[in-house]
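Residue numbers (numbering that gives the first Met the number 0), protein chains in the order written: chain A, 0 to 312; chain B, 0 to 244; chain C, 0 to 308; chain D, 0 to 388. To start, the structure itself, in structure tokens.
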Amino acid sequence: MARDRMIGAAIFATLLALPLLLPLVGADYLMGLLIKAMLLAIAAISLDLIIGQGGMVSLGHAAFIGVGAYTAAIALESGIEEILILLALTLAVTALVALITGALALRTSGVYFLMITLAFGQMIYFTFTSLAAYGGDDGLTLWSLATLFGSDVVQNGEGLYFFVLATLLATWAGVHRIGLSRFGRVLRAARDNPQRAEVMGYPITRYRLVAYVIAACIAGVSGLLMMQYAEFVSPAIATWQRSGDLIVAVVLGGLGTRNGALLGAFFIVLMEEILSSLLHEWRLIYGPLLVILVLYAKGGLADLMAPRAKGAG
Amino acid sequence: MLEIRHLSKSFGALRVSDDISLALGPNECHAIIGPNGAGKTTLIHQISGVLRSDAGEVRLGGRDVTGLTVWQRVQAGLGRTFQITSILPSFSVLENVAIAAQAKAGGSMRFFAPAARDAALNDAAAAVLTRVGLADRMEARAADLSHGELRLLELAIALAARPKVLLLDEPMAGLGRTESAALIDLLAELRAEVPMLLVEHDMDAVFRLADRLSVLVDGRIIASGPPAEVRDDPGARAAYLGAEA
Amino acid sequence: MSLTLFLILCLNGLQYGLLLFLIAAGLTLVFGVMGFINLAHGVQYMVGAYLIFAFTGLTGSFALALPLSLLAALAIGLLLEYAVFRHLYARPHLDQVLATFGIIIFLNELAKVLFGPTTLSIETPAFLSGAIQLTEQLRYPVYRLATIGVGLAVAIGLFATISYTRIGMLVRAGSTTPEMVAALGVNVTQLFRVVFGVGAMLAGFAGIIAAPIFAIEPGMGDNILIIAFVVIIIGGVGSIGGAFVAAILVGLIDTLGRSVATDLMSLFFGPSMANQVGPALASMLIYILMAAILVFRPKGLLPAKGVVA
Amino acid sequence: MTKIKHLGAGTLAFSLLASTAALAEDLKIGMVVTLSGPPAALGQQIVDGFQLALDQKEGQLAGLGVELIVEDDELKPDVALLKANTLIEREEVDFVVGTVFSNMLQAIFKPVVESETFLISPNAGPSTFAGRNCNPYFFATSYQNNQNAEVSGLIANEEGFENVFVMAPNYQAGRDNVDGFRQTFEGTVSDEVFTPLGHQDFSAELARISTSGSDAIFTFMPGGMGVRLVNQFDEAGLSETMRFMSVFTTDETTLPGQKDAAVGFLAAGSWAPDLPNEANAAFVAAFEEAYGYIPGSYAMQAYDTANLIESALAATGGDMSDKDAVRDALRAADFTSVRGDFSFNNNHYPVQDFHKLEIVKREDGQFHTSFVRTVAEDYADSFHAECDM
């Protein structure tokens, strides 16, 4: 546990220090790369809340990233530029969408839950493709971006970097706290033995739904930030393959572990960048690498770095 | 405390509970015996809400709980154990019981305070564990317990919610002679505090604990009354006890 | 909508449905019998299309290339089973999803490397290249009618095999109570392998007959895989009959939906807008159907008897 | 020397921490085109056309060694954006040449022009950036999307078509083409159908066309979509009852797949391989020699783009630092276009002649578009007045 915490602390210390070093070597693009990795990590951590802690495997999580991104983009287009207002809107809309889809989806479990979340994900995806006024299939370039108290610090460069980093830290710490809280342990109890949890007196569907909504909201926030970073949204943000990528990050990192989703997300983004710069056909390596990791590294990356504390958040 | 009226349940053409009625008074232990497949566990499932009944009524402390879900019945004071041990294997023994206590205490929609350091819950859980004799195993992972310890944990989880009525589904299942004896002593002690409906094969336990005894055969209660009376009931003997003797 | 249009849409829907059935049949058995989620099943569809392209190029004859492609598709399926999938049967679903996702990434890229990123196409085989006069102005290609015929024939053959042969009985038993099949002393590993190989070959066959109609390109199996999952959920996991009914249903709903939804929307919006909303709504229809099935009839339309999944 | 380099081949991501200045060529040109999927041939023509120009100049433009980095946008807006960002941030290119499709251009437009990198489109010419949103860092060497369709409308009038069925893919260029045709066509548009981009199966649309009672169909189906449409149109027997006119649907990228099915079809454009002028004859001959197929307008426009860049750099003496000077030099368009007369309007879109074209079979059995006659001279797009550059 202590080692776990140290790894987390080391990652964040590095992320905090890097922007101070980067200008010395002049690599703006590396900063962009880290922002991308952090954004993926935020979404992956949120997914870990429902997969790792809740035992609910969703194949439609990217849809909530999309809902967040599109909510913010549409609000921006209609002239709302304050990022805190956008944040509130994003949270409200994703929570609503998650509440409705989650209430229906949670009537199923296991593989059926996977399929129904996929179904809802696809519905949301196709909804985006039909938003003709906001680019439809082609997506939408955002000519104005969100501001923080009227200032453009969060629009690019270090300002955006630190804003994303702060969000990541809050997500990481928040999800970890949730895992340890009264709520979190009910959620894990329901994952381990749903019937027992119910006979202990817990309406488990309600707990799962709350977790689902929380995870969706966090994913929505990452969507808002992705929009702000890319200055562009398109339905591609919500494809089922993107949900697949998130699952890869979570499982690769180590399910339900403190740093798993974080490590998984960074691994994917950096691996893609390194492999793709070595070899244009990098997916020829990446695909088999996934298979090998599944077959031989069962506990995920977090397990390779620190022995897994079972059941702990 | 607990009253069951005309409870029925069928799976297709198979009638597993047929118009069962029984009542459980305060500080009473009512044992249900019967051959395998008689519908004992089904009855427990129906009372606890795990299975929906086709007809009939379950009343707890005068309140109709038939329409309630499993967790609502637990919240209303109906505790139960499982015939096949059902615990949370990846949690510690203390946490297993603390989570059960938490359901009673409320506040489960709290997201930030670390629950493992919640003194009130831990104290309540520790008290129950001490009571059942697992005080020295509190920090162990539940999955690492022996079978006998698991049966005790099962009981502790049920007790932690401070139930008004306890449904015990073969608590002695798989226990050795000395373990059984200890558990019988514990249940005898508890009987003074909480009325219990006991499904059990172990006749020693039944005759030691039960105030009343019902014999369930093919989903029907064929005899009911004080243990001594039922023991002498010719129908019951023929259907069940005789077969055992 | 004119009668001609309706007729053509029904034919197209039927054809699409049969393609889906060929893919879903293997998927539902593998899922039902082995409890194995194989995301890489759609890749077999792509493999079939590329194989027929390659063999047609080599032999110059579709008729010759067809058996070669089928054999190769079977071989590739078995190879994947042997190298990767058999290690995954006992694993949690999540591991299966992840590993087969890796296979998709690899094979899609491999297709791109071997055949280039360009869309490829092959000609309809000469003996099926004619067209039938449907109305005064309009002809309908024979090849499409032929694929409907072949698809139906395969469906009937598969159904007969499952219903009346010993291996079919084992598969049916395996999809409901695998323990019992093992207890009967049947070599379950062998059974799995046969089911897997046939499933892979059927998906490959779908790719083969689709190749002259649709484009051959890397990643062509990704979306059809998802639709195939929709089909097996609607039909009931492990149920061949369910997969057939659901596949035809999905094929017709999707094809008719795309046309009708657009017409319907153009009552309210301009053509460009209607064409944005219409197809999106049409694409959603099958997912809406699946979600409704999951909520109200979770075991599917025609569940395999006794399935506990 | 010239080398075509795919995305960062050979350079490890982190080695970029150490400056790559030592490796840098004099001039870095990034290209974002579609090289995947049904329209891959279009992107390939652009790469080939541009490369031909470079090869003819021995890898140098105005004396500067050129490094050309080609990226495939896969016809996905998000991928296009990612690739463009890589070109700007990681490779720090001097020019971005792209794209084939208008929706890809819309995706990459903002980051490229905001980084003050010149963006030159060798094909896509959406209305979006021709009017109010024209930009000092954006040039199109092709056309404005509506123009070809406007000219098609004029041709339809001349041919005496009364009812025309209009069909296009549902994206910016598709909508631009439909608008353009409607603007000049004086008859009735009997029906208007938008298909998804990348549509493969036209049987439902053909059924609709067959019952529409139209004299002709006007369509815009670039790349593989065009191959499918024309073949299915022919197979369905519709060629016998109605005329087929199109833009970018029956061209040198699609004709090898359409063959005789397309002969006699009408088209409109600013160029054809047999357009009679000296520079064009030389270009077509050299291209066929180098790549073994007849170039289409995509290759031609890319070839012109390379020549345009060279002319501008020659004017500034190879100096890229003064953006205003580079822009003025580009604007002058002081190069010999194989199209003949060519100049830029105030919105940086071309002013050029448009012609009626027809599909013919050449003596050697190959197919190409053939120049019939000029329909509109020095034709400017209808959006430039809204641009205040």
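Here a beta-carbon is modelled for each residue, glycine too, at the ideal position from N, C-alpha and C.
(message) Taking 8 Å as the threshold (beta carbon to beta carbon), is proline 37 (chain D) in contact with chain C?
(response) The count along the fourth sequence starts at 1 and reaches residue 37 (chain D) at position 38. Chain C, which has a Cβ nearer than 8 Å to the Cβ of proline 37 (chain D), makes this yes.
(request) Starting from the beta carbon of tyrosine 286 (chain C), find every residue of chain A whose beta carbon is closer than 7 Å, and list them in chain order. (result) Translated into the one-based positions of the third sequence, residue 286 (chain C) becomes position 287. By Cβ distance, chain A contributes Ala118, Gln121 and Met122.
(request) Please name the residue or residues paired with tyrosine 378 (chain D) in a DSSP beta bridge. (result) As a working note, residue 378 (chain D) is residue 379 in the fourth sequence. Answer is D:Gln351.
(message) Would serine 52 (chain B) and lysine 8 (chain B) be called neighbours here (beta carbons separated by less than 8 Å)?
(response) Sequence index remark: in the second sequence, residue 52 (chain B) carries index 53 (1-based). Sequence index remark: in the second sequence, residue 8 (chain B) carries index 9 (1-based). Yes, Cβ-Cβ distance for serine 52 (chain B) and lysine 8 (chain B) is below 8 Å.
(request) Please confirm whether tyrosine 15 (chain C) and alanine 205 (chain C) have their CB atoms less than 8 Å apart. (result) Start at 1 with the first residue of the third sequence, and residue 15 (chain C) comes out as number 16. Start at 1 with the first residue of the third sequence, and residue 205 (chain C) comes out as number 206. Not in contact: tyrosine 15 (chain C) and alanine 205 (chain C) (Cβ atoms no closer than 8 Å).
(request) For phenylalanine 213 (chain C), decide whether its Cβ has a neighbour in chain D, counting only Cβ atoms nearer than 8 Å. (result) The count along the third sequence starts at 1 and reaches residue 213 (chain C) at position 214. Yes, because at least one Cβ of chain D sits closer than 8 Å to the Cβ of phenylalanine 213 (chain C).
(request) Kindly indicate the opening and closing residues of the alpha helix (DSSP H) around aspartate 200 (chain D). (result) Along the fourth sequence, read from residue 1 onward, the residue named residue 200 (chain D) stands at position 201. Here aspartate 200 (chain D) belongs to no alpha helix (DSSP H), and DSSP marks it neither H nor E.
(message) Taking the straight line between their C-alpha atoms, what separation do you get for phenylalanine 193 (chain D) and glycine 256 (chain C)?
(response) Taking the first residue of the fourth sequence as position 1, residue 193 (chain D) is located at position 194. Taking the first residue of the third sequence as position 1, residue 256 (chain C) is located at position 257. The alpha-carbon atoms of phenylalanine 193 (chain D) and glycine 256 (chain C) are separated by roughly 15 Å.
(message) Within a Cβ cutoff of 6 Å, which residues of the same chain sit near valine 350 (chain D), ignoring the five residues on either side of it in sequence?
(response) As a first step, residue 350 (chain D) must be located in the fourth sequence, where it is residue number 351. These residues qualify, in order along the chain: Ser342, Asn344, Asp377 and Ala379.
(request) Quick one: using the 10 Å Cβ neighbour count with 16 as the cut-off for buried, is leucine 22 (chain D) buried or exposed? (result) As a position in the fourth sequence, residue 22 (chain D) is number 23, starting the count at 1. Because the pLDDT at leucine 22 (chain D) is just 41, under 50, the model does not fix this residue reliably, and the value given afterwards should be weighed accordingly. Its Cβ having fewer than 16 others within 10 Å, leucine 22 (chain D) is exposed.
(message) Please state whether the Cβ-Cβ distance between glycine 392 (chain D) and methionine 299 (chain D) is less than 8 Å.
(response) This structure gives no information on residue 392 (chain D), because the portion of chain D shown stretches from 0 to 388.
(request) Output the boundary residues of the beta strand (DSSP E) element that contains serine 16 (chain B). (result) As a position in the second sequence, residue 16 (chain B) is number 17, starting the count at 1. Where serine 16 (chain B) is concerned, the enclosing beta strand (DSSP E) stretches over 13 to 23.
(message) So, with DSSP's three-state summary, where would you put isoleucine 216 (chain D)?
(response) On the fourth sequence, position 217 is the one that residue 216 (chain D) refers to. If DSSP states are grouped into helix, strand and coil, isoleucine 216 (chain D) belongs with the strands.
(request) Please classify phenylalanine 148 (chain A): is it buried, with 16 or more other beta-carbons within 10 angstroms of its beta-carbon, or exposed? (result) Indexing the first sequence from 1 puts residue 148 (chain A) at position 149. Looking at its Cβ environment, which holds fewer than 16 other Cβ atoms inside 10 Å, phenylalanine 148 (chain A) is exposed.
(message) Tell me which residue opens and which closes the alpha helix (DSSP H) that tyrosine 297 (chain D) is part of.
(response) The residue you call residue 297 (chain D) lines up with position 298 of the fourth sequence. 296 to 315 is the extent of the alpha helix (DSSP H) around tyrosine 297 (chain D).
(request) Measure the C-alpha to C-alpha separation of isoleucine 208 (chain D) and leucine 223 (chain A) and round it to an integer number of angstroms. (result) In the fourth sequence, residue 208 (chain D) corresponds to position 209, counting from 1. In the first sequence, residue 223 (chain A) corresponds to position 224, counting from 1. Spanning the two alpha carbons is a distance of roughly 44 Å.
(message) By the DSSP assignment, the beta strand (DSSP E) with methionine 30 (chain D) in it spans what residues?
(response) Within the fourth sequence, residue 30 (chain D) is the residue found at index 31, counting from 1. That run of the beta strand (DSSP E) goes 26 to 32.
(message) Which residues in chain A have a C-beta closer than 8 Å to the C-beta of glycine 106 (chain B)? List them in chain order.
(response) As a working note, residue 106 (chain B) is residue 107 in the second sequence. Near glycine 106 (chain B) (Cβ distances below 8 Å), the residues of chain A are Arg181.
(request) Could you pull the start and end residues of the beta strand (DSSP E) that lysine 8 (chain B) belongs to? (result) Translated into the one-based positions of the second sequence, residue 8 (chain B) becomes position 9. Looking at the DSSP string, the run of the beta strand (DSSP E) that includes lysine 8 (chain B) is 1 to 10.
(request) In the DSSP assignment, find the unbroken alpha helix (DSSP H) run with alanine 296 (chain A) in it and report its ends. (result) Looking up residue 296 (chain A) in the first sequence gives position 297. Looking at the DSSP string, alanine 296 (chain A) is not in any alpha helix (DSSP H), and its letter there is neither H nor E.
(request) Determine which residues share a DSSP beta bridge with lysine 360 (chain D) and list them. (result) In the fourth sequence, the residue the question calls residue 360 (chain D) occupies position 361. Partner(s): D:Phe366.
(request) Tell whether a beta-carbon distance below 8 Å holds between leucine 75 (chain A) and leucine 141 (chain A). (result) Within the first sequence, numbered from 1, the residue matching residue 75 (chain A) stands at position 76. Within the first sequence, numbered from 1, the residue matching residue 141 (chain A) stands at position 142. It is a contact, given that the beta carbons lie within the stated cut-off.
(request) Write down the C-beta distance between alanine 74 (chain C) and isoleucine 207 (chain C) rounded to the nearest angstrom, noting that I regard them as a contact closer than 8 Å. (result) For the purposes of this step, residue 74 (chain C) is taken as the residue at position 75 of the third sequence. For the purposes of this step, residue 207 (chain C) is taken as the residue at position 208 of the third sequence. Between isoleucine 207 (chain C) and alanine 74 (chain C) the Cβ distance is about 14 Å, and since that is not below 8 Å, they are no contact.
(request) Using three-state DSSP, classify alanine 266 (chain D) as helix, strand or coil. (result) Working through the fourth sequence from its first residue, we reach residue 266 (chain D) at position 267. Here alanine 266 (chain D) sits in strand by DSSP.
(message) Excluding the 5 residues flanking glutamate 73 (chain D) on each side, which residues of the same chain have their C-beta closer than 6 Å to its C-beta?
(response) Your numbering for residue 73 (chain D) matches position 74 in the fourth sequence. The residues are Ser35.
(message) On the DSSP bridge list, what partners appear for valine 165 (chain D)?
(response) Numbered from 1 along the fourth sequence, position 166 holds the residue referred to as residue 165 (chain D). Answer by DSSP bridge pairing, in chain order: D:Glu191 and D:Phe217.
(request) Please confirm whether glycine 299 (chain A) and valine 232 (chain A) have their CB atoms less than 8 Å apart. (result) Position 300 of the first sequence, counted from the first residue, corresponds to residue 299 (chain A). Position 233 of the first sequence, counted from the first residue, corresponds to residue 232 (chain A). Against a cut-off of 8 Å, the Cβ pair of valine 232 (chain A) and glycine 299 (chain A) comes out as no contact.
(message) How far does the alpha helix (DSSP H) with aspartate 244 (chain A) in it extend, from its first residue to its last?
(response) Within the first sequence, the letter at position 245 stands for residue 244 (chain A). Here the alpha helix (DSSP H) through aspartate 244 (chain A) covers 239 to 252.
(message) If you follow the alpha helix (DSSP H) that methionine 202 (chain B) is in, where does it begin and where does it stop?
(response) Taking the second sequence and counting its residues from 1, the one referred to as residue 202 (chain B) is at position 203. Note, methionine 202 (chain B): alpha helix (DSSP H), 202 to 208.
(request) Give the single residue among A:Val293, A:Gly53, A:Leu278 and A:Val290 whose Cα lies nearest to the Cα of valine 112 (chain C). (result) Mapped onto the third sequence, residue 112 (chain C) falls at position 113. Closest by alpha carbon: A:Leu278.
(request) Return the residue from the list C:Val259, C:Val153, C:Leu109 and C:Thr118 that minimises the CA-CA distance to leucine 18 (chain C). (result) Here residue 18 (chain C) refers to the residue found at position 19 of the third sequence. With distances taken between Cα atoms, leucine 18 (chain C) lies closest to C:Val153.
(message) List, in chain order, every chain A residue whose beta-carbon is nearer than 7 Å to that of leucine 87 (chain B).
(response) Within the second sequence, numbered from 1, the residue matching residue 87 (chain B) stands at position 88. By Cβ distance, chain A contributes Ala188, Asp191, Asn192 and Arg195.
(request) Please determine if the region 379 to 388 of chain D and the region 275 to 287 of chain D are in contact, where contact requires at least 3 C-beta pairs separated by less than 8 Å. (result) no
(request) Using a Cβ cut-off of 8 Å (strictly closer), state whether methionine 55 (chain A) contacts chain C. (result) Along the first sequence, one-based indexing puts residue 55 (chain A) at 56. Output row for methionine 55 (chain A): interface = no.
(message) Excluding the 5 residues flanking isoleucine 292 (chain C) on each side, which residues of the same chain have their C-beta closer than 8 Å to its C-beta?
(response) By 1-based counting over the third sequence, the position of residue 292 (chain C) is 293. Excluding sequence neighbours, isoleucine 292 (chain C) sits near Ile232, Ile233, Gly299 and Leu300.
(message) Just to confirm the assignment: which complete alpha helix (DSSP H) runs, minimum length 4, are found wholly within the region 166 to 233 of chain B?
(response) 176 to 189, 202 to 208 and 226 to 231
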